[in-house]
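What follows is a set of notes on a single structure, which appears directly below.
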Amino acid sequence: MIEPILLEVDRIYNLACPASPVHYQYNPVKTVKTNVMGTLNMLGLAKRVSARILQASTSEVYGDPHVHPQPESYWGNVNPIGIRSCYDEGKRLAETLMMDYHRQNRVDIRIVRIFNTYGPRMAENDGRVVSNFILQALRGEDLTVYGDGSQTRSFCYVDDLVDGMIRTLDLDDFTGPVNLGNPLEHTILEFAERIIRLTGSRSKIAFRPLPQDDPRQRRPDITLAAAKLGWKPKVDLESGLRRTIDYFARRVRNT
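Residue numbers for the sequence shown, in my numbering: 16 to 270.
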């Protein structure tokens, strides 16, 4: 007879889901299933073992925002039937499930809304702007900018994000959601020019049509994170990018 094994679990991290448009649009049905069924399974486990659970949500819940910068109180502007909807709406529904399990079953939840994050160990085929630009610059290829490059993003170094997530998980009597991101905003064109400068590349910039539902602006209001968590980003963009470029430069040399 096989004896059941009881695992002592007091904290659960609900993290897994493709976050790059290239990957989550490859199989949108599985992306939705990961967000919804995966979150349901983790919440069921958290309920059974009385664990605290943290949901890694996203700034994509704000969609293409009409409010700028985006506070947690903003409900967003999301296309429910677009090519990005599997991710955007999947994460929004995951937040709904978190809050309903909290209200109905008293599950101890935490929700963090993660804005653009970067750093060493990103996948080479990640498909997002930081890794794309760095690899294109290191390889001497044109940097692909969609639209006219006037759309904005705010880039947070991975160490700062992890610090914010740990602070959120450690704080009692706080469910969130809370924005975790860098409030300094940059246009994509400016960012591409910065990458070319930092890598010393001779790459040019190639403009391509803007993808459907691509957000025009993205910048977190981190007032709540500062007040409740005592958190703000510490790593400036230049320092973080140099570390990330060094990582990818080693990868390129070894291939």
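Built from N, CA and C at the ideal position, the CB exists for glycine as well.
CB contact flag (residue i, residue j, <7 Å)
{"i": "Ser74", "j": "Arg233", "result": "yes"}
{"i": "Asn194", "j": "Glu110", "result": "no"}
{"i": "Gly78", "j": "Gly91", "result": "yes"}
{"i": "Ser169", "j": "Phe206", "result": "no"}
{"i": "Pro135", "j": "Thr259", "result": "yes"}
{"i": "Ile220", "j": "Val145", "result": "no"}
{"i": "Leu225", "j": "Gly162", "result": "yes"}
{"i": "Gln151", "j": "Arg231", "result": "no"}
{"i": "Arg107", "j": "Asp228", "result": "no"}
Environment of residue i [buried if 16+ CB atoms lie within 10 Å]
{"i": "Ile237", "result": "buried"}
{"i": "Asp25", "result": "exposed"}
{"i": "Ile203", "result": "buried"}
{"i": "Leu158", "result": "buried"}
{"i": "Thr54", "result": "buried"}
{"i": "Thr271", "result": "Summary: the structure shown does not reach residue 271, with the chain confined to residues 16 through 270, and so no result is reported for it."}
{"i": "Val76", "result": "buried"}
{"i": "Thr155", "result": "Looking at the sequence itself, residue 155 is Gly, so the reference to Thr does not match. Label assigned to Gly155: exposed."}
{"i": "Ser72", "result": "buried"}
{"i": "Asn120", "result": "exposed"}
{"i": "Pro95", "result": "exposed"}
Same chain only: Cβ atoms within 7 Å of residue i, ignoring 5 sequence neighbours per side
{"i": "Met57", "result": "Ile27, Asn29, Ile68"}
{"i": "Val250", "result": "Tyr172, Asp174, Asp175"}
{"i": "Ser254", "result": "none"}
{"i": "Pro84", "result": "Pro198, Arg234, Pro235, Asp236"}
{"i": "Asp103", "result": "Glu75, Val76, Gly78, Val93"}
Strand pairing of residue i, partner residues [DSSP]
{"i": "Gly78", "result": "Asn92"}
{"i": "Ser100", "result": "None; Ser100 has no bridge partner."}
{"i": "Thr220", "result": "In the sequence as presented, Thr is not what sits at residue 220; that position holds Ile. Per DSSP, Leu158."}
{"i": "Val193", "result": "Val127"}
Closer than 7 Å to chain C by CB, residue i
{"i": "Pro95", "result": "Structure shown: chain C not included; a single protein chain is present."}
Expected contact under 8 Å - CB spacing of residue i and residue j to nearest Å
{"i": "Val127", "j": "Gly179", "result": "7 Å"}
{"i": "Leu153", "j": "Ser216", "result": "7 Å"}
Sequence-distant residues of its chain with Cβ nearer than 6 Å to residue i (five each side left out)
{"i": "Gly196", "result": "Phe130, Ser169, Cys171, Pro235"}
Neighbourhood of residue i by C-beta distance below 8 Å, restricted to the same chain and skipping five residues each side
{"i": "Phe189", "result": "Arg125, Thr183, Lys243"}
{"i": "Ala66", "result": "Val24, Asp25, Arg26, Ile27, Leu60, Asp123"}
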